[in-house]
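In the working numbering, the protein residues as written are 12 to 442.
From the three backbone atoms N, C-alpha and C, an ideal C-beta is built for every residue, glycine too.
Report on the following structure.
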Ligand code: ATP
Ligand code: MG
């Protein structure tokens, strides 16, 4: 036997029956986005490396150690598998002048790639849904984006599992003043810093506050808080977001240590967190990135957005024990004789043309084994093709969910709509 090859480490196949949950989740997302007037955008999985280095920031985990970057062997170009999609959306908006006539609300979904240590909720290929509102300065659109995520949790039955944390990162000048004090504070406690913190001290001290190291918690809790350095305008923006959330009845916690792992954020940042997924607690994260469009070479315009980790949301759905509909066929067609296949296939095609979900048995076998398959398919109806019935222009229809004594009805094939109507019947409600 040939050596068996598996999938790449940290990259997962999504196979049935679990793929049904993904399909259901994606359908909910699409409806959600449409209900808010967000339009779909699709960008390539590969971008020029400098796009990510410039936008995410040179001294971030993603750019320092997580990117799948390579030189195109054919032309020497430096390329990267996208580790996130905001930069690419911004690039595409600039490239296609999407903002020429005002703001745009956009959404995307697809795989992202980061070279991380694989563990629960952390993979090397993972999937995100993202929403980006470009050209709007907020705080109204900030609140809209946050509430949109809430709406999704409601649809997915996850409202009880997640909580909202928000913070305000202010503007670059405010951050610079805080940074000076933060570095001085951390230097004053140099003996308590771990390797990561020491490395970040001068390059990205804000990220030190985001440490997961339990030994450093009390140190970072006492550190100067960025929120205390905010000027009037930043505070007004922050209060604006809070007022809108309160008006919408959305509880939140202000987390002064909430920073994001990407450099381009300012003002509002937020995370939806859960306590049900162990260390991988953040299911959805986002914020405002008013400087990014200009930084990537576009005409300056404000923007705000979020991305959620689909694997983590799927895990949460599993935690709730919820079983989304599998999309079983309405009918499963069986044949009393293999010679009837051409007729059966034609009828099934016609039924599908009217919108009926019908699975046709293939591969032969006894009537008994076919009926077993019909039962296991989850279909309500068995569509029984028999010589006699077909000769009189009809098929047998048997209710698979009505117990052993269920009678088989005979229904005419013409017009196909009446047969389709019979198969559309839902099970009788229990009294
Ligand atoms: P973390 O702190 O968990 O590493 P992050 O700050 O790197 O997250 P973002 O870049 O903000 O994450 O991505 C948005 C969301 O995408 C995260 O909140 C998370 O749900 C998901 N996500 C990020 N990295 C991964 C990964 N490697 N595997 C699965 N999901 C991920
Ligand atoms: Mg990360």
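- A distance criterion of 7 Å places the beta-carbon of residue 120 beyond contact range of the ligand ATP, judged by its closest non-hydrogen atom.
- Counting of Cβ neighbours within 10 angstroms places residue 429 among the exposed residues, the total staying below 16.
- A straight-line Cα-Cα distance of about 30 Å links residue 153 and residue 194.
- With respect to the 8 Å criterion, residue 340 and residue 388 are classified as neighbours on the basis of their beta carbons.
- By the Cβ rule, the stretch 15-30 does not count as touching the stretch 91-104, because fewer than three pairs are nearer than 8 Å.
- Assignment of residue 194 by DSSP, reduced to helix, strand and coil, places it in the helix class.
- Pairing residue 367 with residue 405, the inter-Cα distance amounts to about 17 Å.
- Taking a contact to require three or more Cβ pairs closer than 8 Å, the stretch 307-319 and the stretch 364-378 do not qualify as touching.
- Excluding its 5 nearest sequence neighbours in each direction, residue 90 has C-beta neighbours in its own chain below 8 Å: 57, 58, 59, 60, 80, 81, 82, 83, listed in chain order.
- For residue 315, the uninterrupted beta strand (DSSP E) segment begins and ends at 314-320.
- A residue is called buried once 16 or more other Cβ atoms fall within 10 Å of its Cβ, and residue 131, having fewer, is exposed.
- The Cβ atoms of residue 44 and residue 118 sit closer than 8 Å to each other.
- A straight-line Cα-Cα distance of about 47 Å links residue 186 and residue 17.
- Residue range 378-387 is occupied by the alpha helix (DSSP H) that includes residue 379.
- Between residue 394 and residue 435, the CB-CB gap reaches or exceeds 8 Å.
- Under DSSP, residue 405 forms a beta bridge with 423.
- Rounded to whole angstroms, residue 124 and residue 249 show a C-alpha spacing of 32 Å.
- Within the chosen limit of 7 Å, the ligand MG reaches the beta carbon of residue 72 through at least one heavy atom.
- Assigned with DSSP and collapsed to three states, residue 144 falls in strand.
- The ligand ATP has a heavy atom closer than 7 Å to the beta-carbon of residue 293.
- By the 16-neighbour rule on beta-carbons within 10 angstroms, residue 403 is exposed.
- C-alpha of residue 149 to C-alpha of residue 392: approximately 53 Å in a straight line.
- Burial check for residue 206: the Cβ neighbour count within 10 Å stays below 16, so the residue is exposed.
- DSSP, read as helix, strand or coil, puts residue 71 in coil.
- Distance from the CA of residue 72 to the CA of residue 210, rounded to the nearest whole angstrom, comes to 12 Å.
- Only residues of its own chain outside the window of five on either side were considered, and among them 179, 181, 185, 249 have a CB closer than 8 Å to the CB of residue 241, listed in chain order.
- Shown here, residue 266 sits in coil according to DSSP, grouped into three states, outside any helix or strand.
- Of all alpha-carbon atoms in 171, 170, 236, the one lying nearest the alpha-carbon of residue 191 is that of 236.
- Straight across, the Cα-Cα distance linking residue 312 with residue 157 is about 20 Å.
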